[in-house]
Amino acid sequence: MISDMPPGDGLDALVAALPPERNMVVLAPHGTVNTGVVTGGQRQTVTAAMGGGPAAGTTRQGPVRAKDLRTARRRFMPPPGFESALTALDSGVSVLVGAPGTGRETHALNLLAHGREDPVLLQVDGSVDLTRWAPRSQGVHGYLVMEPPDPFALRPWDLSRLEAPLAEAGARLLIVLAEAPGLASDLANRLGTPVVRHLPPDPRQVFAAHLADICSDEEVRGRLLRALGAGHFQELLPAELPPRQAARVARAVARLGAAGGADCAEVLDALARAEAPDLVARAQEDPVLLAHLLALSVYGGLDRDSVVERASDLLELAGSGGERETAAPRLSPRPDRPPQGTAPQRPLSETLRTLGAHRTSRAGTGDPDTLSFFWPAVGDAVWRVLCREHGELLPLLHTWLARTGDRPDQVERAGRAVAAMAAGTDGRTLDLLPGVASAPWPAAVEVAARGLGTALRDPASAAGAAELLERWSVAPETALRRAVAYACRSDSGVTTAQALLLAHQLMETTGGGTDEVTVALAVVEALVQRFATGDTRTRGIVLERMRTWAGSDDMSELIAALAFPAMAGADPAWCGSRMLTGGEAASELVRLTGHALNEAATFASMRDVLLSWCREADGTPRPDPGLEELLHALTEARQPGFLRWLMAVARGHDAMPGKETAARLLTVWHGRAATPDTDTDTDTNTYTDTD
Numbered sequence: 001m002i003s004d005m006p007p008g009d010g011l012d013a014l015v016a017a018l019p020p021e022r023n024m025v026v027l028a029p030h031g032t033v034n035t036g037v038v039t040g041g042q043r044q045t046v047t048a049a050m051g052g053g054p055a056a057g058t059t060r061q062g063p064v065r066a067k068d069l070r071t072a073r074r075r076f077m078p079p080p081g082f083e084s085a086l087t088a089l090d091s092g093v094s095v096l097v098g099a100p101g102t103g104r105e106t107h108a109l110n111l112l113a114h115g116r117e118d119p120v121l122l123q124v125d126g127s128v129d130l131t132r133w134a135p136r137s138q139g140v141h142g143y144l145v146m147e148p149p150d151p152f153a154l155r156p157w158d159l160s161r162l163e164a165p166l167a168e169a170g171a172r173l174l175i176v177l178a179e180a181p182g183l184a185s186d187l188a189n190r191l192g193t194p195v196v197r198h199l200p201p202d203p204r205q206v207f208a209a210h211l212a213d214i215c216s217d218e219e220v221r222g223r224l225l226r227a228l229g230a231g232h233f234q235e236l237l238p239a240e241l242p243p244r245q246a247a248r249v250a251r252a253v254a255r256l257g258a259a260g261g262a263d264c265a266e267v268l269d270a271l272a273r274a275e276a277p278d279l280v281a282r283a284q285e286d287p288v289l290l291a292h293l294l295a296l297s298v299y300g301g302l303d304r305d306s307v308v309e310r311a312s313d314l315l316e317l318a319g320s321g322g323e324r325e326t327a328a329p330r331l332s333p334r335p336d337r338p339p340q341g342t343a344p345q346r347p348l349s350e351t352l353r354t355l356g357a358h359r360t361s362r363a364g365t366g367d368p369d370t371l372s373f374f375w376p377a378v379g380d381a382v383w384r385v386l387c388r389e390h391g392e393l394l395p396l397l398h399t400w401l402a403r404t405g406d407r408p409d410q411v412e413r414a415g416r417a418v419a420a421m422a423a424g425t426d427g428r429t430l431d432l433l434p435g436v437a438s439a440p441w442p443a444a445v446e447v448a449a450r451g452l453g454t455a456l457r458d459p460a461s462a463a464g465a466a467e468l469l470e471r472w473s474v475a476p477e478t479a480l481r482r483a484v485a486y487a488c489r490s491d492s493g494v495t496t497a498q499a500l501l502l503a504h505q506l507m508e509t510t511g512g513g514t515d516e517v518t519v520a521l522a523v524v525e526a527l528v529q530r531f532a533t534g535d536t537r538t539r540g541i542v543l544e545r546m547r548t549w550a551g552s553d554d555m556s557e558l559i560a561a562l563a564f565p566a567m568a569g570a571d572p573a574w575c576g577s578r579m580l581t582g583g584e585a586a587s588e589l590v591r592l593t594g595h596a597l598n599e600a601a602t603f604a605s606m607r608d609v610l611l612s613w614c615r616e617a618d619g620t621p622r623p624d625p626g627l628e629e630l631l632h633a634l635t636e637a638r639q640p641g642f643l644r645w646l647m648a649v650a651r652g653h654d655a656m657p658g659k660e661t662a663a664r665l666l667t668v669w670h671g672r673a674a675t676p677d678t679d680t681d682t683d684t685n686t687y688t689d690t691d
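Take the sequence shown: its letter number 49 is residue 49 in full-length UniProt numbering, and every next letter is one higher.
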């Protein structure tokens, strides 16, 4: 019988020929292999590679695809410092340090391929032990090593050992690392090898290079760019936009423009709709990432502390008591992961990079840095994804939004998010708004009001929001009626006519408790704001309705008296021109001014508005005709509140504005009082000014 066992020298050759990265192979023809537990000293230790070279570790490397390399070279825009990096590459072994997601790998590939028509490049896995790795003797022009886990484990001799074989093979080795404070200088001092800083290229240049590669026809490219409109670069390609996203813009412009061109808004919408599902999917199993995604979607563009604090508040809320159930597992801490504080926290810069967001510095302005998506439209698209695919999160998110800070910008963002969820669910989440309005946090009522008012603007939620406002305006709960009052502001979707109707209903259903004062003040604030920001037509509608209220005997009468002084003081010139038009317009101003002076609670504020107007008129060479007309009309109306004003001014100190006018009008008043057919037989000595 002929033995199948190869001769000894053949076995040595076979073992030597085995790939070094494979696991051990045992050849034992006719042998017995013990597969049980081995104890004692039965082991084999390999301390050196065959042939006396360094021991070979696990080698995971592969060629960079020629097609991908050609594309990367065609679309490459040399970043700042590219020529210096080429010089450093001549040392044989060099290091490139830069922030992830800024085009480091493309930069590295182009460095290694530079000057060669058809280069062969290999990418070596970062986990490979470079102390046991060796380059091929020929056929490879460059090796790329991406982010070895511990670059400080390397010693100068580990890299210098590679320089000679690399030089003999005509190849270069480039190690790419993530930027960290002090890393570049520390590595340069420690390893004695060139360390190059990678700076991201201009996103506009990246966009131009990709668009030119996708669309080679210059005339067509010009048409695509013209279709975007003026200033498109600022919105589509903001500063610091990562190269990958700049390339995505180029692809979107080319794709959408194939049918004749797309404007900037269309491209931004398409980019946001494509980006949002990816971001939500990426954050599915990471509560911290998901919390920051939601905080950016609501508060993006605000200061860093606001965004980070709101993300932390969402995580805290999701992990507390009863909210843990509604949060589902997505925002709650996972049992298979260590709690926060026991594991290294992800740097904020990494979170922002993962979410396609950035931090904008306002150095020199005194304003804090802000956080936002590169494309703000992504935030709205995220809400659409959540409403469509993750409805289980929506109750929790309403509770979270009710807890927002009381700063107006935060309240406005939270209300907008509430409205986005209402629109995204065809109004179904409006059922959650009573809980928001009644929540015990200071801004909760205003958040609900903002949400309702904004929801009116979207056809998907407008009907439900209008019905809710109508129902809440006559509800017994003060919080709900306060929300309606806040929603009557002009920056909501409530029209002027709707706002006046809702305000009147709020006053008719007053409960009379101490909390009702807050409802009344909210109504006054809304009316004044709507008047101050409105045009002439809007102001006329408001004053016409308030004149009617001034003649009623319910809470509306007081609302008119409280609101009008602030309205008149906001724009005296407009009131003066209104008086000169005569007719009903002038009559409304006379009626409301007299009404405010007649009310004890509002006399002082109306008095001061008239005095301020008189002060401005005293500084001019001619009397203000609008003011003169108003004061004469008030004298003719003979209201007790105006008589009180005349006497207070006439008896005031010599520098009091309007003193001469008041004295003259008092004379007219006395003359009218002496006439038998006067409308009012008022004794002027009855009224004294005590304010």
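All C-beta atoms in this analysis are idealised placements derived from N, C-alpha and C, irrespective of residue type, glycine included.
Given the structure is predicted, the values throughout are model-derived calculations rather than measurements.
Query, Result
"Among 201, 522, 540, nearest to residue 578 - alpha-carbon criterion", "540"
"CB contact flag (residue 371, residue 300, <8 Å)", "yes"
"CA-to-CA distance, residue 289 to residue 269, given in whole angstroms", "23 Å"
"Member of 458, 193, 509, 262 whose CA lies at the smallest distance from the CA of residue 470", "509"
"Check whether residue 94 and residue 193 have beta carbons under 8 Å apart", "yes"
"Per-residue burial, residue 198 [other beta carbons within 10 Å of its own, 16 or more giving buried]", "buried"
"CB contact flag (residue 266, residue 378, <8 Å)", "no"
"Cα-Cα separation, residue 498 to residue 487", "10 Å"
"Beta-carbon proximity check, residue 436 vs residue 444, cutoff 8 Å", "yes"
"Contact the region 106 to 116 vs the region 160 to 177: 3+ CB pairs below 8 Å", "yes"
"Simplified DSSP assignment, three categories, for residue 146", "strand"
"8 Å Cβ cutoff met for residue 123 and residue 64", "yes"
"Assigned exposure category for residue 622 - 16 Cβ within 10 Å defines buried", "exposed"
"DSSP-derived helix/strand/coil call for residue 128", "coil"
"Residue 577, enclosing beta strand (DSSP E) - first and last residue", "Premise fails: residue 577 lies in the alpha helix (DSSP H), 572 to 581, not in any beta strand (DSSP E)."
"6 Å Cβ shell around residue 297 - same chain, five flanking residues per side excluded", "379, 382"
"Integer Cβ distance of residue 304 from residue 359, believed to fall under 8 Å", "7 Å"
"Sheet register partners of residue 357 (DSSP bridge)", "373"
"Buried or exposed by the 16-neighbour rule on C-beta atoms within 10 Å, applied to residue 671", "exposed"
"Helix, strand or coil at residue 197 [DSSP, three-state]", "strand"
"Residues near residue 410 by beta carbon distance below 6 Å, same chain, minus five either side", "404"
"Range covered by the alpha helix (DSSP H) that runs through residue 417", "408 to 424"
"Range of the contiguous alpha helix (DSSP H) that encloses residue 434", "433 to 437"
"7 Å CB neighbourhood of residue 259 in its chain, flanking five on each side removed", "none"
"Beta-bridge pairing of residue 176 - partner residues as DSSP gives them", "96, 146"
"Euclidean distance between Cα positions of residue 504 and residue 385", "39 Å"
"Proximity to residue 151 [Cα-Cα], best of 284, 179, 457", "179"
"Span of the alpha helix (DSSP H) around residue 395", "394 to 402"
"Exposure of residue 446, with buried meaning 16 or more beta-carbon neighbours within 10 Å", "buried"
"Beta-carbon proximity check, residue 589 vs residue 657, cutoff 8 Å", "no"
"Own chain, CB closer than 6 Å to residue 439, minus 5 neighbours either side, in chain order", "402"
"Between the CA atoms of residue 496 and residue 741 - distance to the nearest angstrom", "With the chain running from 1 to 691 in the structure shown, residue 741 is simply not present."
"Cβ pair residue 396, residue 318 closer than 8 Å", "yes"
"Residues of its chain near residue 482, where Cβ-Cβ distance is below 7 Å and the 5 sequence neighbours each way are ignored", "445, 518, 519, 522"
"Distance between residue 158 and residue 737 (C-alpha atoms, nearest Å)", "Absent from the structure is residue 737, since the part of the chain shown begins at 1 and ends at 691."
"Assigned secondary structure, residue 380 (DSSP; H/G/I helix, E/B strand, else coil)", "helix"
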